[in-house]
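Asker:
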Amino acid sequence: MKMACKGLQTGETLSSLKRESESLRKKLEEERRKLADVELNQAAEKVEVVGALSIKTRRLLKGHGNKVLCMDWCKDKRRLVSSSQDGKVIVWDAFTLNKEHGVSLPCTWMMACAYSPSGCAVACGGLDNKCSVIPLSLDRNENLAAKKKSVAMHTNYLSGCTFTGSDMQILTSSGDGSCALWDVESGQLLQSFHGHTADVLSLDLAPSETGNTFVSGGSDRRSNVWDMRSGQNIQSFESHESDINCVKYYPSGDAFASASDDSTCRFYDLRADREVAVYQKDSIIFGASTVDFSLSGRLLFAGYNDYTINVWDVLKGTRVTCLFGHENRVSRVRVSPDGTALCSASWDNTLRIWA
Amino acid sequence: MTIRNTLRDHGQRYRPRMACLKKAEKVVLEMQDPKTGVKSQPQRLVITTIPHAITGEDIIAWLANRFQIDAQEARNFGSMLAALGYIYPIQDHKRLVIKPDASLYRFQTPYFWPTQQWPVEDTDYAIYLAKRNIRKKGLLELHEQEQYNRLHKWMNHKWDFIVMQAKEQYRAAKERRKPDRVVFECQERAYWVVHRPPPGTVSGMDYGLDRRIDPNAEEVKTPDFYEKVMIFTQQSIMRPRVKSSVSLGALVKYCATYNSHDPFLSKCLPSNPWLTDDVTYWTLNMPNVETPTKKRVERWTFSFGELLSDQRGRNDFRLFLKKEFSGENLAFWESCEDLKWGTAGTVREKAEQIYKTFLARGAPRWINIDGKTMEITVKGLKHPHRYVLDAAQTHIYMLMKKDSYGRYLKSPVFKETVKRAICPEEHKFSQAQLEQNARNRRPSVSPIVLRQQELEQKAKMAASVDITQLCRFTTPVPHLAVYSGITDFPSSNASPSLPFVTNTPVCPSPISLALDSTSVSERRAEPGEVGGEGNSGTRAPATGHVSKSRMALSLRRLLRRGCTPSNMFASLSPKCHSAAGTSSRIQPISPDQPSQAPPRRIGNFFQIKVDIPPECRIYPIESEDEDEESRAASRGGGVGAKEIICPWESLTPQNGTG
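Line by line, the protein sequences give chains A and B. Under full-length UniProt numbering, think of the first position of the first sequence as 1, with each following residue one higher. Under full-length UniProt numbering, think of the first position of the second sequence as 1, with each following residue one higher.
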């Protein structure tokens with residue numbers, strides 16, 4: 001008898017907690033709505049429509065023998081680093097198509113790679129649960145893999161990495177549900193960020209000069225904004241219906257976009273603290289795996305699992321054009337630092353430069 | 001590592017695939033609607049009649065109409081449905097694409113749809129191959145043959161079962177009517193093309209790696225979980241937010257402002273290198289170019305952040321500040337950035353250095369921050385960490401943004417820059433010229449080389465010290481140390497200057513600038529000193545040395561010595577002593593080092609070797625007569641420790657320590 005009562009109590013507590021939590025969540029939504037006096041398309045009513053864009057493949061980078069999973073531009077606007085499923089990391093001069101450096105790492109599925117701000121090193125990682133930094137060398141015969149330095153250690157796969165303000169710090173996201181900030185020189189963990197309840201699949205550092213924040217998105221369908229100083233989760237959004245594959249800040253740092261397996265991309269305004277646009281179309285049923293903004297933030301490039309890249313008008317919410325060419329999933333799209341080109345990496349073993 | 005059988009089990013159960021499959025199903029059902037769906041009819045093919053066959057062009061037309069998309073997109077969509085196995089081709093059955101012609105296709109039976117809940121197991125495949133083997137009497141395709149052999153090897157223990165099943169299915173099939181049998185065989189074959197793709201084809205079922213979390217597993221919700229969520233939600237409710245009209249208005253405005261700078265929306269002048277294979281655009285916009293373009297200068301007016309983040313803009317601003325005698329603000333801000341993003345091991349040292357140069361009373365480049373911020377900062381410096389100067393940095397940033405920035409935009413410096421800015425003509429290449437350009441693509445200088453040059457430049461700058469004058473500083477060797485593997489602190493000439501890690505070819509480190517520029521009081525005595533050099537990088541560090549009256553000197557000395565109580569803060573760095581005569585550098589505290597251990601050579605990892613000119617090893621001559629300003633400026637923490645004391649250090653080496 002007593003046992004039964006106890007069971008009931010716990011059950012009651014849980015469900016009442018659930019109800020309470022739900023009502024609080026509703027209250028938050030209410031608060032957000034109170035200040036939602038206009039919608040994005042209203043605010044952008046007077047804005048001219050984007051004219052026809054003529055974007056074509058200008059370069060085709062062949063050289064990987066397997067799915068290309070990630071890429072990142074160098075600050076010099078023409079070099080880039082790419083990593084693939086077979087553990088190869090290649091540094092290209094995309095303009096001349098020269099492969100400048102190549103490293104073969106023992107780990108397969110290099111899901112993340114990043115170019116350092118100085119252009120003298122690259123970071124990469126994946127199924128080895130680590131993020132390693134590799135200094136580049138002018139000596140072509142040098143075995144770069146030997147100089148690889150393991151910096152970040154996670155307990156599950158590495159899904160994303162980026163250097164912060166210098167070559168000395170990296171920020172990583174992992175399948176173990178956490179993000180972390182590391183000191184490259186010592187390998188020391190400087191700060192960890194906990195809050196996701198599932199794999200963290202992507203992260204992006206805020207572009208603002210004074211900000212010290214970054215956003216992450218994961219398999220728990222949430223995108224979280226973090227304060228790098230305290231490790232606190234300062235904002236959270238949950239409106240996607242499936243895993244969030246990629247998050248990217250709007251160039252001003254006051255908003256960000258996310259791409260999800262639910263085949264939509266969404267736009268969140270950080271100051272208004274809510275989702276302000278959903279980029280979707282009936283004919284797009286495949287998951288979006290990656291997004292990036294053009295320099296002005298007007299265009300959103302999104303790569304999908306149906307091998308296409310859709311270009312969205314951020315303000316109007318309409319699809320401007322669709323880029324065909326890849327023969328397998330598009331795993332990553334990135335606009336070059338000066339906005340002159342878009343690079344896409346794909347499971348068809350190639351990278352394309354579009355302009 | 002939770003890598004499951006990703007090659008065999010195409011995770012039917014996992015959400016990453018489920019989301020698109022349900023949507024695909026809906027479309028396929030619509031397509032099969034007898035009235036509004038795709039036109040289907042029996043088609044004759046060779047000797048058989050295929051029921052409910054549809055043509056590629058009909059599929060594409062239907063999709064284009066249904067979704068209001070163009071033919072190319074419709075074709076891609078259709079091909080994806082084929083790749084998933086909802087539609088299969090009758091001819092050319094191995095290529096799962098929709099051809100825009102009269103090629104024939106059929107809808108797959110729901111039995112073979114990919115959304116079914118059972119995993120696609122090798123056993124089933126083995127049975128299928130065995131069955132085909134029996135039927136075709138050993139004539140399997142090459143890849144099927146290989147698979148068959150492989151499975152035979154791995155499933156040897158259940159091979160009898162497999163063969164038995166195969167025979168049974170074969171026998172059962174024979175009992176069907178021929179047309180039905182043919183259709184079923186087709187469907188089954190299509191199913192296996194999808195789930196065991198022939199080599200060289202792309203599999204629509206391939207979704208990559210499993211994610212750690214099983215999306216179909218129930219998320220275990222404990223009371224604790226709800227508590228956390230509720231606390232977070234409460235905090236979120238309390239957080240201030242902005243009216244949408246305001247924030248969205250700002251986003252819209254941003255797009256409008258940058259529209260003419262977005263290469264995808266406006267023309268690049270002279271031309272986009274990716275389009276014309278001409279790199280003039282990049283050459284004109286190099287980080288440290290002498291004359292910027294008009295567009296680039298225009299961007300500096302958009303926001304303070306834009307100005308600072310552009311190398312060239314920042315230099316221009318620095319020049320302006322120099323003329324206004326408020327260069328220390330920018331130098332401080334840069335030093336803070338360097339602290340935040342630099343190596344963890346150097347945090348303590350840098351923080352102390354910054355304090356001595358910018359914050360302490362009588363500091364050579366004292367910045368003006370309010371009392372409260374100063375208090376917080378000094379308190380925080382007892383236990384320095386990367387963000388210890390955050391409050392002060394924000395204060396100074398806001399000061400520059402709200403005050404100096406506005407004046408800069410109206411200043412002669414800026415006006416001059418605008419006047420000289422160039423506006424290149426648009427390229428008008430002929431087809432032949434474009435082809436020529438494409439053939440003449442040249443590589444650019446490697447960032448590694450640029451970095452080396454940058455460091456060499458800095459070393460040279462530091463080396464070009466006028467030794468006839470009392471040198472007031474040493475070199476920025478430490479930031480070379482970041483890349484040259486030597487970080488020998490106390491005994492080397494390593495001055496406390498900060499490693500400068502941003503990508504600036506000819507921009508000296510914030511501290512070296514801090515060191516070389518004169519302090520406020522000195523500056524006031526040098527009216528003619530303000531030079532008109534563009535990039536300060538070319539300026540020789542020793543910029544003239546004005547001697548002050550002895551009275552002023554001794555007063556300053558008095559103020560310094562007397563102002564900071566020696567025991568205000570507990571001494572945290574027992575090594576921090578100003579031993580007479582020796583370079584009393586404060587050693588960085590590293591966790592695994594005993595406090596009095598000899599300096600550690602931190603062998604590092606970025607191995608750019610730079611020739612450090614021997615002249616760099618010049619110390620200022622230590623004497624009481626020497627201008628205190630210069631010593632303080634030069635060593636900051638070294639010999640100057642006598643003059644500028646961190647509040648947490650003791651006054652003399654002997655007392656207060658430990």
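Note that CB positions come from ideal geometry on N, CA and C, so glycine has one too.
(1) What is the DSSP secondary structure of residue 111/A, reduced to helix, strand or coil?
(2) For residue 111/B, count the other beta carbons within 10 Å of its own beta carbon; 16 or more makes it buried, fewer makes it exposed. Which is it?
(3) Is it buried or exposed for residue 325/B, if we count other Cβ within 10 angstroms and need 16 for buried?
(4) Output the distance between the C-alpha atoms of residue 162/A and residue 25/A, rounded to the nearest integer angstrom.
(5) Here's the rule: buried if 16 or more other CB atoms are within 10 angstroms of the residue's CB, otherwise exposed. What is residue 361/B?
(6) Quick one: is residue 423/B near chain A, going by C-beta distance under 9 Å?
(7) Should residue 234/A be flagged as near chain B, meaning a C-beta pair shorter than 9 Å?
(8) Which same chain residues, not among the five before or five after residue 93/A, have their C-beta less than 7 Å away from its C-beta?
(9) Along the chain, which unbroken stretches of the beta strand (DSSP E) at least 3 residues long are found entirely within the stretch 262-291 of chain A?
(10) What residues of chain B sit near residue 104/A, judged by a beta carbon separation below 8 Å?
(11) Go ahead and pull the three-state DSSP assignment for residue 366/B.
(12) If you follow the beta strand (DSSP E) that residue 42/B is in, where does it begin and where does it stop?
(13) If you follow the alpha helix (DSSP H) that residue 413/B is part of, which residue opens it and which one closes it?
(14) Helix, strand or coil: which one does DSSP assign to residue 152/B?
(15) Check whether the stretch 136-143 of chain A and the stretch 151-160 of chain A touch, using three or more Cβ-Cβ pairs below 8 Å as the test.
(16) In the structure shown, what three-state DSSP assignment does residue 559/B receive?
(17) Relative to the alpha-carbon of residue 344/B, which residue among 229/A, 168/A and 88/A has its alpha-carbon at the smallest distance?
(18) So is residue 281/A in contact with chain B if we call contact Cβ pairs under 9 Å?
(19) Got a sec: which bits of the UniProt repeat "WD" (61-93) of chain A sit with their beta carbon under 9 Å from any beta carbon on chain B, in order along the chain?
(20) Quick one: Cα of residue 437/B to Cα of residue 148/A, how far?
(21) Who are the neighbours of residue 31/A on chain B, taking C-beta pairs under 7 Å?
(22) Please identify the residue among 446/B, 431/B, 253/B and 257/B whose C-alpha is closest to the C-alpha of residue 45/A.
(23) Using DSSP's beta-bridge definition, name the partner residues of residue 87/B.
(24) What would DSSP say about residue 213/B, mapped onto helix, strand or coil?
(25) Using 8 Å as the cut-off, can you tell me whether the stretch 128-136 of chain B makes contact with the stretch 94-108 of chain B, which would need three or more C-beta pairs spanning the two stretches below that distance?
(26) Output yes or no for whether 9 Å exceeds the beta carbon distance between residue 59/A and residue 352/A.
(27) DSSP three-state call for residue 128/B: helix, strand or coil?
(28) In or out: residue 68/B buried (at least 16 other Cβ within 10 Å) or exposed?
(29) In angstroms, rounded to a whole number, what distance separates the CA positions of residue 588/B and residue 186/A?
(30) Mind checking whether residue 177/A and residue 212/B have CB atoms under 9 Å apart?
(31) Could you check where the alpha helix (DSSP H) with residue 161/B kicks off and where it finishes?
(32) Mark residue 274/B as exposed unless 16 or more other C-beta atoms lie within 10 angstroms of its C-beta, in which case mark it buried.
(33) Starting from the Cα of residue 319/B, find the closest Cα among 262/B, 338/B, 353/B and 415/B and give me that residue.
(34) Kindly list, in the order they appear in chain B, the residues whose Cβ is closer than 9 Å to that of residue 175/A.
(35) Going along chain A in order, which residues have a C-beta closer than 9 Å to the C-beta of residue 437/B?
(36) Could you tell me which chain B residues have their CB closer than 9 Å to the CB of residue 47/A, listed as they occur along the chain?
Answerer: Quick look at the numbers:
(1) Three-state result, residue 111/A: coil.
(2) Flag for residue 111/B reads exposed.
(3) The residue in question, residue 325/B, is exposed, as its Cβ has fewer than 16 Cβ neighbours within 10 Å.
(4) Answer to the nearest angstrom: the Cα atoms are 33 Å apart.
(5) Answer is exposed; the Cβ neighbour count stays below 16.
(6) For residue 423/B, the answer is no, since every Cβ of chain A falls outside 9 Å of its Cβ.
(7) Yes - at least one Cβ of chain B is within 9 Å of the one on residue 234/A.
(8) Sequence-distant Cβ neighbours of residue 93/A in its own chain, meaning closer than 7 Å and more than five residues away, are 78, 79 and 100.
(9) Complete beta strand (DSSP E) runs here, min 3: 265-269 and 274-279.
(10) Result: empty, since nearest Cβ-Cβ is about 20 Å, beyond 8 Å.
(11) The answer is coil: DSSP assigns residue 366/B none of H, G, I, E or B.
(12) According to the DSSP assignment, residue 42/B belongs to the beta strand (DSSP E) that extends over 41-45.
(13) Counting along the chain, the alpha helix (DSSP H) containing residue 413/B begins and ends at 412-420.
(14) Residue 152/B falls in the helix class under three-state DSSP.
(15) These segments do not touch.
(16) At residue 559/B the pLDDT is 48, less than 50, meaning the model places this residue with poor confidence; the figure from the coordinates comes in the next sentence. Residue 559/B sits in a helix when the DSSP states are folded into three classes.
(17) If we check each option's Cα against that of residue 344/B, 168/A comes out closest.
(18) Judged by the 9 Å Cβ criterion, residue 281/A is in contact with chain B.
(19) If the cut-off is 9 Å between Cβ atoms, the UniProt repeat "WD" (61-93) of chain A has 67, 69, 74, 75, 76, 77, 78, 79, 85 and 93 near chain B.
(20) Taking the straight line from one Cα to the other gives about 38 Å.
(21) Near residue 31/A (Cβ distances below 7 Å), the residues of chain B are 237.
(22) For the residues 446/B, 431/B, 253/B and 257/B, the minimum Cα distance to residue 45/A belongs to 253/B.
(23) Paired residues: 107/B.
(24) Here residue 213/B sits in coil by DSSP.
(25) For the pair of segments examined, the stretch 128-136 of chain B was found not to touch the stretch 94-108 of chain B: the number of CB pairs separated by less than 8 Å stays below three.
(26) Contact annotation: residue 59/A and residue 352/A have beta-carbon atoms nearer than 9 Å.
(27) Reduced to three states, the DSSP call for residue 128/B is helix.
(28) Around the beta carbon of residue 68/B, fewer than 16 other beta carbons sit within 10 angstroms, so the residue counts as exposed.
(29) Because residue 588/B carries a pLDDT of 37, less than 50, the predicted location of this residue cannot be relied on, and the following value inherits that uncertainty. C-alpha separation (whole angstroms): 13 Å.
(30) Yes, these two residues count as a Cβ contact at 9 Å.
(31) Run containing residue 161/B: 159-174, per the alpha helix (DSSP H) assignment.
(32) Buried.
(33) Cα-wise, what sits closest to residue 319/B is 415/B.
(34) Result: 2, 209, 211, 212 and 213.
(35) Those do not exist, as residue 437/B stays about 11 Å from chain A at its closest Cβ, beyond 9 Å.
(36) Residues of chain B passing the Cβ test: 252, 255 and 256.
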